[in-house]
Amino acid sequence: MNATGSGLPHAGAVRARTRVARRALFLARVGESVHVGGAAALFALVLVLIEGGRTDRLGSALVALLCGGLVAATWAYAHRRTAVEVANRLDRRLGFDGAFATAWEQDGEQRGGALSELLVLRVAREVPGRAAARAVLPQSWPLLAAPFVVGAILAALSSGEDPELAARREHRERVAVELSDLAGASAQSELSFEEENALRSLARSAAALADETAGGGAGEEQDRAELVGELRSLGENLPAGSDLARRLDELAGRLEAAAGPGTGPAAETQAEGSGGTPLARPGADGTMAARETRPGPAAGVGRKPEAAWVDPGSLPPDLLRILDDWNAAPPGDSRR
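Using our numbering, you'd call the opening residue of the sequence shown number 78 and step up by one each time.
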């Protein structure tokens, strides 16, 4: 009782209609996954802006792509449908009250009798392939609009950045770039292996600080102050008057100037002109003397320059007293 001929339903037609509908549903879910994943990626960038980060960084782009990919894959996996589920969906959507699902079951390799084949042919005649594909498609219009809505929010946030905040961030980036250049050209005879590693570590810290909010938070200001102190400490260990020591002190002064409200080109010019905190100066015998702006606990005692290259704050009090007595003793004294 097979009906043959071009365009006429035949045995196996219900299964064929179901396969067409399943492919259409799969393509629709792929489109949904792309749109949902795109919306998730854009929303991740929105969160980056809200937290004070930057969307033009490689890290931000990778995080957004990762979030979008995970959401898209999860959406596609959660909306997988088997052939039986698609047949039941068509039965409900088309109002067959179980006839389509029954015809699908009877349209397998082992068919029933003549009545089963008649049911298959009748259902296949009433449901063309295009009608089956249209009936199974989900209502995806809200999902299709999601990326555009989130993209509009992202565009609004991107154009509304505080100019002072942007100037401060740009100022810190310039400092980080110059410090990175110094670290890249650190094959200098005046640097020991430990000092070279310390300079490279400071360059990485400056780059990380430039990526932060630059909004004046407590944690951010603490990181900035620590970086300034480490830059000046490294400069103190270099020979007096060296170009690298001068550059480190200059960068520390510029970075310190970027903390106040007067950041930007004017503050940078002022910091470059002043040179920041003065460098350590040589003592009478050629050794490095302590900074005048950073006296130690025993600064009032007449300590000679040869012992002042050590940071007084890092020595125990008993050792400081011994050094003070040794420095204060006249020549020929038994304590010397």
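All C-beta atoms in this analysis are idealised placements derived from N, C-alpha and C, irrespective of residue type, glycine included. Computed from a predicted structure; not experimentally measured.
*Exposed or buried, what is Glu194 when buried is set at 16 or more other beta-carbons lying within 10 Å of its beta-carbon?*
Walking along the sequence shown from the start, residue 194 turns up at place 117. Buried: at least 16 other Cβ atoms inside 10 Å.
*Just how far apart, CA to CA, sit Asn165 and Ile230?*
Sequence index remark: in the sequence shown, residue 165 carries index 88 (1-based). Sequence index remark: in the sequence shown, residue 230 carries index 153 (1-based). Pairing Asn165 with Ile230, the inter-Cα distance amounts to about 40 Å.
*Tell me the start and end of each unbroken alpha helix (DSSP H) in the stretch 133 to 211 that is at least 4 residues and wholly inside, in chain order.*
If we require 4 residues or more, the alpha helix (DSSP H) runs fully inside the stretch 133 to 211 come out as 135 to 155, 160 to 171, 176 to 183 and 191 to 203.
*What's the C-alpha gap between Thr179 and Ser217?*
In the sequence shown, the residue the question calls residue 179 occupies position 102. In the sequence shown, the residue the question calls residue 217 occupies position 140. Straight through space, the alpha carbons of Ser217 and Thr179 are spaced by roughly 29 Å.
*May I ask you to report which of helix, strand or coil DSSP gives Arg324?*
Within the sequence shown, the letter at position 247 stands for residue 324. If DSSP states are grouped into helix, strand and coil, Arg324 belongs with the helices.
*CB-CB length for Leu102 against Val200, believed under 8 Å*: Locating residue 102 in the sequence shown gives position 25, where the first residue counts as 1. Locating residue 200 in the sequence shown gives position 123, where the first residue counts as 1. The beta-carbon separation of Leu102 and Val200, rounded to 19 Å, does not stay under the 8 Å limit for a contact.
*Please report the residue range of the alpha helix (DSSP H) in which Leu234 lies.*
What you label residue 234 is simply residue 157 of the sequence shown in a count that begins at 1. Leu234 -> alpha helix (DSSP H) spans Trp218 to Ser235.
*Report buried or exposed for Thr95, applying the criterion of at least 16 other Cβ atoms within 10 angstroms of its Cβ.*
Taking the sequence shown and counting its residues from 1, the one referred to as residue 95 is at position 18. Buried, because 16 or more other Cβ atoms sit within 10 Å of the Cβ of Thr95.
*Is the Cβ-Cβ distance between Ala116 and Ala141 less than 7 Å?*
Indexing the sequence shown from 1 puts residue 116 at position 39. Indexing the sequence shown from 1 puts residue 141 at position 64. Cβ atoms of Ala116 and Ala141: not closer than 7 Å.
*If you drop the 5 nearest sequence neighbours on each side, which residues of the same chain put their C-beta closer than 7 Å to that of Val97?*
As a working mapping, residue 97 is identified with position 20 in the sequence shown. Cβ within range, chain order: Gly206, Ala209 and Ala210.
*Assuming Leu311 contacts Leu259 (C-beta within less than 8 Å), just tell me the rounded distance between them.*
For the purposes of this step, residue 311 is taken as the residue at position 234 of the sequence shown. For the purposes of this step, residue 259 is taken as the residue at position 182 of the sequence shown. About 10 Å separates the beta carbons of Leu311 and Leu259, which is beyond the 8 Å limit, so they are not a contact pair.
*Where does Ser282 fall in DSSP's three states?*
Here residue 282 is taken as the residue at index 205 of the sequence shown, counted from 1. Helix, per DSSP.
*asked:* Taking only three categories from DSSP, how would you classify Arg131?
replied: The sequence position of residue 131 within the sequence shown is 54, counting from 1. It is coil, neither helix nor strand.
*What distance in whole Å lies between the Cβ atoms of Leu308 and Ala284, which are believed to be in contact at a cut-off of 8 Å?*
For the purposes of this step, residue 284 is taken as the residue at position 207 of the sequence shown. For the purposes of this step, residue 308 is taken as the residue at position 231 of the sequence shown. With a beta-carbon spacing of about 14 Å, Ala284 and Leu308 fall beyond the 8 Å limit used to define contacts.
*Can you grab the Cα-Cα spacing for the pair Asn274 / Arg281, in whole Å?*
By one-based count along the sequence shown, residue 274 stands at place 197. By one-based count along the sequence shown, residue 281 stands at place 204. Near 11 Å, if we compare the C-alpha coordinates of Arg281 and Asn274.
*Sorted by chain position, which residues of the same chain lie with C-beta nearer than 6 Å to Val91's C-beta, five sequence neighbours on each side aside?*
Position 14 of the sequence shown holds residue 91. Take Val91, set aside five residues on each side of it, and the residues of its chain with a beta-carbon closer than 6 Å to its own are Ala180, Trp181, Asp184, Val197, Val200 and Ala201, in chain order.
_I need the DSSP call for Arg331, collapsed to helix, strand or coil._
Within the sequence shown, the letter at position 254 stands for residue 331. For Arg331, the secondary structure class from DSSP, reduced to helix, strand or coil, is helix.
*asked:* In whole angstroms, give me the CA-to-CA distance for Ala366 and Glu250.
replied: Here residue 366 corresponds to residue number 289 of the sequence shown, with the count starting at 1. Here residue 250 corresponds to residue number 173 of the sequence shown, with the count starting at 1. Low local confidence applies: a pLDDT of 42 at Ala366 is under 50, so the model's placement there is unreliable, and no value is given.
*Got a sec? Which residues, its chain only, sit under 6 Å from Leu332 by beta carbon, not counting five neighbours each side?*
The residue labelled residue 332 in the question sits at position 255 within the sequence shown. Counting only residues of its own chain and dropping the five nearest sequence neighbours on each side, Leu332 has a CB closer than 6 Å to the CB of Val252 and Val305.
_Please state the DSSP three-state secondary structure of Gly89._
Taking the first residue of the sequence shown as position 1, residue 89 is located at position 12. Of the three classes helix, strand and coil, the one that applies to Gly89 here is coil, per DSSP.
*Taking Cβ positions, are Phe177 and Leu192 nearer each other than 7 Å?*
Start at 1 with the first residue of the sequence shown, and residue 177 comes out as number 100. Start at 1 with the first residue of the sequence shown, and residue 192 comes out as number 115. In this structure, Phe177 lies away from Leu192, with their beta-carbon atoms at least 7 Å apart.
*Can you have a look at Ser110 and say buried or exposed, based on whether 16 or more other CB atoms are within 10 angstroms of its CB?*
The sequence position of residue 110 within the sequence shown is 33, counting from 1. Around the beta carbon of Ser110, 16 or more other beta carbons sit within 10 angstroms, so the residue counts as buried.
*asked:* Please report the straight-line C-alpha distance between Glu313 and Arg324, rounded to a whole angstrom.
replied: Translated into positions along the sequence shown, residue 313 becomes position 236. Translated into positions along the sequence shown, residue 324 becomes position 247. So the two alpha carbons sit approximately 12 Å from each other.
*Find out if the Cβ-Cβ distance for the pair Val163, Val113 is shorter than 7 Å.*
Translated into the one-based positions of the sequence shown, residue 163 becomes position 86. Translated into the one-based positions of the sequence shown, residue 113 becomes position 36. No.
_My output table needs one value for Ser319: the three-state DSSP class, helix, strand or coil._
Taking the first residue of the sequence shown as 1, we reach residue 319 at position 242. In the three-state reduction of the DSSP assignment, Ser319 falls in the coil class, being assigned neither a helical nor a strand state.
*Work out the CA separation of Asp133 and Ala105 for me, nearest whole Å.*
The residue labelled residue 105 in the question sits at position 28 within the sequence shown. The residue labelled residue 133 in the question sits at position 56 within the sequence shown. Computed Cα separation, rounded: 32 Å.
*Measure the Cβ-Cβ separation of Ser137 and Val123 and say whether it is below 7 Å.*
Reading the sequence shown from its first residue, position 60 is the one you call residue 137. Reading the sequence shown from its first residue, position 46 is the one you call residue 123. Taking 7 Å as the Cβ cut-off, Ser137 and Val123 do not qualify as a contacting pair.
*asked:* Can you give me the C-alpha to C-alpha distance between Pro359 and Ala317, rounded to a whole angstrom?
replied: By 1-based counting over the sequence shown, the position of residue 359 is 282. By 1-based counting over the sequence shown, the position of residue 317 is 240. Confidence at Pro359 is low in this model, with a pLDDT of 40, below 50, so the placement of that residue should be treated as unreliable; the coordinate-derived value is given next. When rounded, the distance between both Cα atoms is 6 Å.
*Reduced DSSP category for Leu276 - H, G, I as helix; E, B as strand; rest coil*: As a first step, residue 276 is located in the sequence shown; it is residue number 199 there, counting from the start. Note: Leu276 maps to helix in three-state DSSP.
*If you draw a straight line from the alpha carbon of Ala150 to that of Leu220, how long is it in whole angstroms?*
Counting from 1 along the sequence shown, the entry for residue 150 is found at position 73. Counting from 1 along the sequence shown, the entry for residue 220 is found at position 143. Rounded to whole angstroms, Ala150 to Leu220 spans 15 Å at the Cα level.
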